[in-house]
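Down below is the structure, laid out as structure tokens.
Protein chains: 2
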Amino acid sequence: MPRSYPQAKSRLEAALQALRENHSRVTAPRRAILKLLTHEHGPFTVEEVHRRIKNAGDVVTVYRSLAAMEEIRLVRRCDFGDGAYRYEFNMGEHHHHHIVCRGCRSVKTLDFCVADGLERMARQLGYANVSHALEIFGLCRRCQKKPLEMAGA
Amino acid sequence: MPRSYPQAKSRLEAALQALRENHSRVTAPRRAILKLLTHEHGPFTVEEVHRRIKNAGDVVTVYRSLAAMEEIRLVRRCDFGDGAYRYEFNMGEHHHHHIVCRGCRSVKTLDFCVADGLERMARQLGYANVSHALEIFGLCRRCQKKPLEMAGA
DNA sequence: TATTTAATTGCAACTTACTTGCATTATGAA
DNA sequence: TTCATAATGCAAGTAAGTTGCAATTAAATA
Ligand SMILES: [Mn+2]
Ligand SMILES: [Mn+2]
Ligand SMILES: [Zn+2]
Ligand SMILES: [Zn+2]
């Protein structure tokens, strides 16, 4: 059971407010999606969000809602390279990176970034609008003990 | 016109040899694929490889060939997050990273890595088989001058 | 060189994550 | 309450990539 965030409720309220301020509307599916994202550790795939929520509506709604939330910077999308994007709540907080288990897809957060220097370098080379994607992959302890097929290695 | 690599011919020969040593077979499609990858700067999508090569056979063959070559470490796959994997020749060389233009998908190579420390950290946390993915994104100078739709921003 | 084995290919069908069009519903501003 | 328009649901469409299988062919071996 993932532990819920402290301040989850106020984060939820702030997120709903941000929706309103962006000419978006607060609907039952969006409320449910944001409740999950603010209360539990992600990131989550669209399918996971949809599965875990009552009132999330159609999957298409989850796709569209998360895309809209990304636009207005309520959530971040990340790519673990396994064919499904994942979303996590991030409302203006500093970005971070993950160690992702290739077996169970569990995630450890790395709360700092080593790519600032690279971004600066890219800007010096003339690039605008610079960003980066960084994920660490490995097999977690638990998955190392399981037979390989289960661990997905 | 991309400039061709020095030593391209011997790299190609070495690659074909590596295929043989791995109980793989040297076929016309594979020869053509490796000729492209050793002679021109990548990385390339499967579609690009297929389009630019006579004798590359069916696209499925390109998919399967590149997958096989990745298995035996002749090529590396990278993910620019735009829906199509890309492959570049890399036969035991040190890995590197890229600055990728979000407009034209042109690539600048960064011949060093800043994630070694993170990998070490992951191993200390108990992860095995650690690796990472890192790409820098931006809009290159040329694309900054184009209208936004063209630049894909 | 001829034989044999197993890797590779081509084709068509399939999967999967995600997108789009459109008619209907419902939010929230006026 | 009215009303403009944002969001939704459903169905259909994309697009990258995978898979099954029969036919082909590289290359090991006789
Ligand atoms: Mn995170
Ligand atoms: Mn490269
Ligand atoms: Zn694990
Ligand atoms: Zn560009």
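Here the protein sequences line up with chains A and B, keeping their order.
Numbered by my numbering, the letters in the first sequence go through residues 1 to 153 in order.
Numbered by my numbering, the letters in the second sequence go through residues 1001 to 1153 in order.
Here a beta-carbon is modelled for each residue, glycine too, at the ideal position from N, C-alpha and C.
Next on the checklist: So with CB distances below 7 Å, who are the chain B contacts of A:Cys104?
Outcome noted: Taking the first residue of the first sequence as position 1, residue 104 of chain A is located at position 104. Those do not exist, as A:Cys104 stays about 12 Å from chain B at its closest Cβ, beyond 7 Å.
Checklist entry - Pairing CB atoms from the stretch 1046-1055 of chain B with CB atoms from the stretch 1106-1119 of chain B, are three or more of them under 8 Å? => result no
Next on the checklist: For the stretch 110-130 of chain A against the stretch 74-85 of chain A, do three or more pairs of beta-carbon atoms, one drawn from each stretch, fall closer than 8 Å, so that the two count as touching?
Outcome noted: no
Checklist entry - Using CA coordinates, which residue listed in A:Glu88, A:Ala84, A:Leu134 is at the minimum distance from A:Leu36? => result Within the first sequence, the letter at position 36 stands for residue 36 of chain A. Among A:Glu88, A:Ala84, A:Leu134, the Cα nearest to that of A:Leu36 is on A:Glu88.
Next on the checklist: ligand 1 and A:Cys78: does the residue's C-beta get closer than 8 Å to at least one heavy atom of that ligand?
Outcome noted: What you label residue 78 of chain A is simply residue 78 of the first sequence in a count that begins at 1. A:Cys78 Cβ: within cutoff of ligand 1.
Checklist entry - Between the C-alpha atoms of B:Gln1144 and A:Arg123, what's the straight-line distance to the nearest angstrom? => result Locating residue 1144 of chain B in the second sequence gives position 144, counting from the first residue. Locating residue 123 of chain A in the first sequence gives position 123, counting from the first residue. Those two C-alpha atoms are separated by around 12 Å.
Checklist entry - Comparing the CB of A:Glu48 with every heavy atom of ligand 1, is any distance shorter than 8 Å? => result Along the first sequence, one-based indexing puts residue 48 of chain A at 48. A:Glu48: no, Cβ never under 8 Å from ligand 1.
Next on the checklist: Quick check on the burial criterion: 16 or more other C-beta atoms within 10 angstroms. Buried or exposed for A:Ser10?
Outcome noted: The sequence position of residue 10 of chain A within the first sequence is 10, counting from 1. It counts as exposed.
Item to check | Interface positions of the stretch 132-144 of chain A facing chain B (Cβ-Cβ less than 7 Å), listed along the chain | outcome: His132, Ala133, Leu134, Glu135, Ile136, Phe137, Gly138, Leu139, Cys140, Arg141, Gln144
Item to check | Amino acids of chain B, ordered along the chain, whose beta-carbon sits closer than 9 Å to that of A:Asn129 | outcome: Residue mapping note: residue 129 of chain A aligns to position 129 of the first sequence, counting from 1. Arg1102, Phe1137, Gly1138, Leu1139, Gln1144, Ala1153, listed in chain order.
Checklist entry - For the stretch 79-132 of chain A, which segments carrying the alpha helix (DSSP H) assignment without a break, of at least 4 residues, lie completely within its bounds, in sequence order? => result 116-124
Item to check | Amino acids of chain A, ordered along the chain, whose beta-carbon sits closer than 9 Å to that of B:Gly969 | outcome: Chain B is shown only over 1001 to 1153; residue 969 of chain B falls outside these bounds and no answer can be derived.
Next on the checklist: Check whether chain B comes within 9 Å of A:Val46, counting only Cβ atoms and requiring the distance to be less than that.
Outcome noted: In the first sequence, counting from the first residue as 1, residue 46 of chain A sits at position 46. No, because no Cβ of chain B sits closer than 9 Å to the Cβ of A:Val46.
Next on the checklist: Can you confirm whether A:Val114, when its beta carbon is compared against all beta carbons of chain B, has any partner nearer than 9 Å?
Outcome noted: Translated into the one-based positions of the first sequence, residue 114 of chain A becomes position 114. Answer yes: the Cβ-Cβ gap between A:Val114 and chain B drops below 9 Å somewhere.
Item to check | Closer than 6 Å to ligand 1: residues, by C-beta to nearest heavy atom, in chain order | outcome: A:Pro43, A:Glu88, A:His96, A:His98, A:Thr109
Next on the checklist: So if I measure from each beta-carbon to every heavy atom of ligand 3 and keep distances below 6 Å, which residues remain?
Outcome noted: A:Cys101, A:Gly103, A:Cys104, A:Ser106, A:Cys140, A:Arg142, A:Cys143
Checklist entry - Could you give the distance in angstroms between the alpha-carbon of B:Tyr1085 and the alpha-carbon of B:Ala1133? => result Here the question's residue 1085 of chain B lines up with position 85 in the second sequence. Here the question's residue 1133 of chain B lines up with position 133 in the second sequence. C-alpha separation (whole angstroms): 13 Å.
Next on the checklist: Do B:Asn1129 and A:Gly138 have their beta-carbon atoms positioned less than 9 Å apart in this structure?
Outcome noted: Indexing the first sequence from 1 puts residue 138 of chain A at position 138. Indexing the second sequence from 1 puts residue 1129 of chain B at position 129. Contact: yes.
Checklist entry - Taking C-beta to C-beta, are A:Ser154 and A:Arg30 nearer than 9 Å? => result This structure cannot settle anything about residue 154 of chain A, because the visible part of chain A is limited to 1 through 153.
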